[in-house]
Amino acid sequence: MKLVVFRKRTSQPNAGLGYRVGALLDNNQIADLTPEFLANGLSAADILKCFDLSLDFLTPATNAINSGTAQIFERNEIELYAPVPRPGKIVCIGLNYRDHAEESGMTIPTSPIVFSKFPTAVIGPDSAIELPLESAEVDYEAELAVIIGRKARQVSAGDAMNFVFGYTNFNDVSARDLQFADGQWQRGKSCDTFAPMGEYVATKDEIPDPHRLQISFRLNGETLQDSTTAQMIFRIPDLIEFISRTITLEPGDVIATGTPPGVGFARDPKIFLRAGDVAEVEIEGLGVLKNSVVGR
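In terms of the working numbering, the sequence shown opens at residue 2 and continues consecutively.
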């Protein structure tokens with residue numbers, strides 16, 4: 002299933018839920034699964050529980066789609082939010098593609114480099130990346146994001162995939178001048194709107210092998226990153242094992258698994274995002290995450 006979080010363009014967010022939960026169908030229509038969400042006793046504060054594999058939400062949702070009882074919306078009738086609108090944690094992995102580490106002039110890591118982005122940076126595909134006044138060097142990073150589906154603490158790599166709910170596109174937008182000036186990455190990576198994701202979360206069964214996916218980034222239609230997740234240094238089971246040794250992962254937490262080569266600051270001449278640009282992340286089986294870029 003391809004899960005989305007949305008609202009109807011003609012209305013305010015649902016007063017009882019705050020968001021609507023739906024499934025993206027093959028014809029690009031959206032089936033509204035909000036009644037099934039509410040029927041499980043969930044509310045606006047429980048949106049992350051959509052991704053809790055211990056709850057039986059997907060079965061009634063599937064039944065509603067198959068029986069034809071779900072209300073259907075056209076794509077132009079709705080506004081998409083990020084499929085995980087406010088994750089508890091966004092755990093990011095730096096330099097997880099060998100050739101990206103090399104183009105960045107960094108040493109190839111021998112263990113995962115972990116950092117975080119603040120949840121307030123999250124936006125969906127129908128929102129714009131806002132360029133902060135404090136930065137003139139805002140960069141892009143196409144990444145595969147993993148959505149956690151069960152509480153994970155001290156999980157082994159052999160068992161790790163049982164804790165995965167699904168996958169989505171992620172753009173690790175980065176203010177390079179802030180990132181490098183600070184000597185650490187938090188501020189430059191966590192500016193408002195710097196964590197676009199979506200447009201949907203594909204459940205794990207939709208992606209048989211997440212380590213064999215084409216991944217690309219386009220800026221105004223020009224491909225600047227083009228690689229495959231097979232090039233990851235540390236694969237998803239190893240990342241979950243490494244992180245969960247010391248950090249408890251919970252349903253709805255996001256792991257951004259790193260970016261391939263082709264980022265803007267490593268190019269000659271450098272390429273940074275400008276107002277009026279259109280940024281697109283596309284990963285095989287996960288659709289396209291498309292965001293406009295605006296100034297402040």
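For every residue, glycine included, the Cβ atom is placed at its ideal position computed from N, Cα and C. Note that this is a predicted model, so its numbers are computed, not measured.
* Quick one, which of ASP227, ILE208, SER245 and VAL294 has its alpha-carbon nearest ILE256's? -> In the sequence shown, counting from the first residue as 1, residue 256 sits at position 255. Cα-wise, what sits closest to ILE256 is SER245.
* The alpha helix (DSSP H) with ASP239 in it runs from where to where? -> For the purposes of this step, residue 239 is taken as the residue at position 238 of the sequence shown. It spans 237-245 - the alpha helix (DSSP H) in which ASP239 sits, taken as one unbroken run.
* Counterpart residues of ASP227 in DSSP-defined beta bridges -> Translated into positions along the sequence shown, residue 227 becomes position 226. DSSP, once it has assigned bridges, lists SER217 as partnering ASP227.
* Pick from ARG219, GLU207, ASP33 and ALA143: whose alpha carbon is nearest that of GLU78? -> Locating residue 78 in the sequence shown gives position 77, counting from the first residue. Checked all of ARG219, GLU207, ASP33 and ALA143; the closest Cα to GLU78 is ASP33.
* Just mark LEU250 as buried or exposed, buried being the case when its beta carbon has 16 or more other beta carbons within 10 Å. => Indexing the sequence shown from 1 puts residue 250 at position 249. Classification for LEU250: buried.
* **Minimum length 3: unbroken beta strand (DSSP E) runs contained in the stretch 120-156** => 143-149
* Enumerate in chain order the residues of its own chain whose CB-to-CB distance from ALA137 is below 8 angstroms, with the five nearest sequence positions on each side excluded. => As a working mapping, residue 137 is identified with position 136 in the sequence shown. Contacts found: ASP178 and PHE273.
* Asked: Start and end of the beta strand (DSSP E) containing GLY189?
  -> Counting from 1 along the sequence shown, the entry for residue 189 is found at position 188. It is not in any beta strand (DSSP E) - GLY189 instead sits in the alpha helix (DSSP H) that spans 187-190.
* Under 7 angstroms, do PRO211 and LEU290 count as touching if we go by C-beta distance? -> Along the sequence shown, one-based indexing puts residue 211 at 210. Along the sequence shown, one-based indexing puts residue 290 at 289. It is not a contact, given that the beta carbons lie outside the stated cut-off.
* Is ILE148 buried or exposed, if buried means 16 or more other CB atoms sit within 10 Å of its CB? -> If you number the sequence shown from 1, residue 148 lands on position 147. The residue is buried, with at least 16 neighbouring Cβ atoms inside 10 Å.
* To do: Tell me whether ALA161 sits in a helix, a strand or coil according to DSSP, three-state version.
  => Here residue 161 is taken as the residue at index 160 of the sequence shown, counted from 1. Correct three-state label for ALA161: helix.
* Should ARG219 go down as buried or exposed, given a rule of 16 or more other Cβ atoms within 10 Å for buried? -> Sequence index remark: in the sequence shown, residue 219 carries index 218 (1-based). With 16 or more Cβ atoms within 10 Å of its Cβ, ARG219 is classed as buried.
* Three-state class that DSSP yields for GLY95 in the structure shown -> Taking the first residue of the sequence shown as position 1, residue 95 is located at position 94. GLY95: strand per DSSP, three-state reduction.
* **Backbone CA spacing between THR230 and ASN97 [nearest angstrom]** => Locating residue 230 in the sequence shown gives position 229, counting from the first residue. Locating residue 97 in the sequence shown gives position 96, counting from the first residue. Cα-Cα distance, rounded: 10 angstroms.
* Asked: With C-beta atoms as the reference, is GLU75 less than 7 angstroms away from ARG10?
  -> The count along the sequence shown starts at 1 and reaches residue 75 at position 74. The count along the sequence shown starts at 1 and reaches residue 10 at position 9. Cβ distance not < 7 angstroms, so GLU75 and ARG10 don't count as in contact.
* Asked: Taking DSSP as the reference, what is the three-state secondary structure of GLY17?
  -> Translated into the one-based positions of the sequence shown, residue 17 becomes position 16. Because GLY17 carries a pLDDT of 48, less than 50, the predicted location of this residue cannot be relied on, and no value is offered for it.
* Asked: Nearest to ILE114 by alpha carbon, out of VAL123, ASP100 and VAL92?
  -> Residue numbering aside, residue 114 sits at position 113 when the sequence shown is read from its first letter. It is VAL92.
* Give the secondary structure of SER293 by DSSP, where H, G and I count as helix, E and B as strand, and everything else as coil. => Locating residue 293 in the sequence shown gives position 292, counting from the first residue. It is a strand residue.
* Asked: From THR258 to GLY265, what does the alpha carbon distance come to, in whole angstroms?
  -> Sequence index remark: in the sequence shown, residue 258 carries index 257 (1-based). Sequence index remark: in the sequence shown, residue 265 carries index 264 (1-based). Their Cα atoms are separated by approximately 18 angstroms.
* Please determine, among ALA65, ASP53, ARG297 and ASN221, the residue with the shortest C-alpha to C-alpha distance to ASP193. => Mapped onto the sequence shown, residue 193 falls at position 192. That would be ARG297, whose Cα lies nearest to the Cα of ASP193.
* What distance in whole Å lies between the Cβ atoms of ASP100 and PRO305, which are believed to be in contact at a cut-off of 8 angstroms? -> Nothing about residue 305 can be reported from this structure: the residues present for the chain run from 2 to 297 only.
* Asked: Tell me which same chain residues have a C-beta within less than 6 angstroms of the C-beta of PRO61, skipping the five on either side of it?
  -> In the sequence shown, residue 61 corresponds to position 60, counting from 1. Correct list, in chain order: GLU37.
* With burial defined as no fewer than 16 other Cβ atoms inside 10 Å of the residue's Cβ, what is the status of ILE109: buried or exposed? -> The sequence position of residue 109 within the sequence shown is 108, counting from 1. Exposed.
* Consult DSSP for GLY265 and reduce its assignment to one of helix, strand or coil. => The residue labelled residue 265 in the question sits at position 264 within the sequence shown. Of the three classes helix, strand and coil, the one that applies to GLY265 here is helix, per DSSP.
* Once you ignore the five residues that flank ALA267 on each side, which residues in its own chain have a CB closer than 7 angstroms to its CB? -> Numbered from 1 along the sequence shown, position 266 holds the residue referred to as residue 267. Hits under 7 angstroms: GLU104 and SER105.
* **Three-state secondary structure assigned by DSSP to ILE248** => By one-based count along the sequence shown, residue 248 stands at place 247. Of the three classes helix, strand and coil, the one that applies to ILE248 here is coil, per DSSP.
* To do: Starting from the N-terminal side, write out each stretch of the beta strand (DSSP E) that is 3 residues or longer and does not extend beyond the stretch 47-100.
  => 72-74, 79-81 and 91-95
* Cβ neighbours of SER217 in the same chain (closer than 7 angstroms, five flanking residues each side left out) -> Numbered from 1 along the sequence shown, position 216 holds the residue referred to as residue 217. Excluding positions up to five away in sequence, the list reads ALA143, THR224, GLN226, ASP227 and GLU283.
* Report the rounded CA-to-CA distance for LEU214 versus GLY286, giving the unit in angstroms. => Numbered from its first residue, the sequence shown carries residue 214 at position 213. Numbered from its first residue, the sequence shown carries residue 286 at position 285. Computed Cα separation, rounded: 8 angstroms.
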